[in-house]
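Peer 1:
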Amino acid sequence: WNAAHFKNADYDALLVEYGKARDLQTQRIAAGKIQTLLLDETPEIISYFSQYSRIASAKVEGVRFTAISHLLLDRVSFVQA
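Just remember that the working numbering sits 3 ahead of the position in the sequence shown, which is counted from 1.
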């Protein structure tokens, strides 16, 4: 499976080298070369995960959040007891 459509002749050769390795040390060396090549060829990826605390109360209704956790208060009201 190659969803990114990655194509690199050096990578292909290193993969063959890894597959032909007869001992763990040779596999580790080949794997290290593969790792270095992939890190050099991969564009920078900046992942972003924000953490939000959401609180709830039985005395309040209508609080909504967007898909990116923006707090929407336009429909908020206190519950009548």
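Built from N, CA and C at the ideal position, the CB exists for glycine as well. Since the model is a prediction, treat every value here as computed from it, not as a measurement.
1) To the nearest angstrom, report how far apart Tyr21 and Pro46 are at their CA atoms.
2) Would DSSP call Ile74 helix, strand or coil?
3) If you pair each beta-carbon of the region 24-40 with each one of the region 57-72, do three or more pairs fall below 8 Å?
4) Which value, in whole angstroms, describes the spacing of the CA atoms of His8 and Arg57?
5) Let's test the definition: count the other Cβ atoms within 10 Å of the Cβ of Leu18 and tell me whether it reaches 16, buried, or not, exposed.
Peer 2: Quick answer:
1) Here residue 21 refers to the residue found at position 18 of the sequence shown. Here residue 46 refers to the residue found at position 43 of the sequence shown. Their Cα atoms are separated by approximately 24 Å.
2) As a working mapping, residue 74 is identified with position 71 in the sequence shown. The sequence shown places Leu at residue 74, not Ile. Strand, per DSSP.
3) no
4) By 1-based counting over the sequence shown, the position of residue 8 is 5. By 1-based counting over the sequence shown, the position of residue 57 is 54. Rounded to the nearest angstrom, the two C-alpha atoms are 40 Å apart.
5) For the purposes of this step, residue 18 is identified with residue 15 of the sequence shown, where counting begins at 1. Exposed, by the Cβ-count rule.
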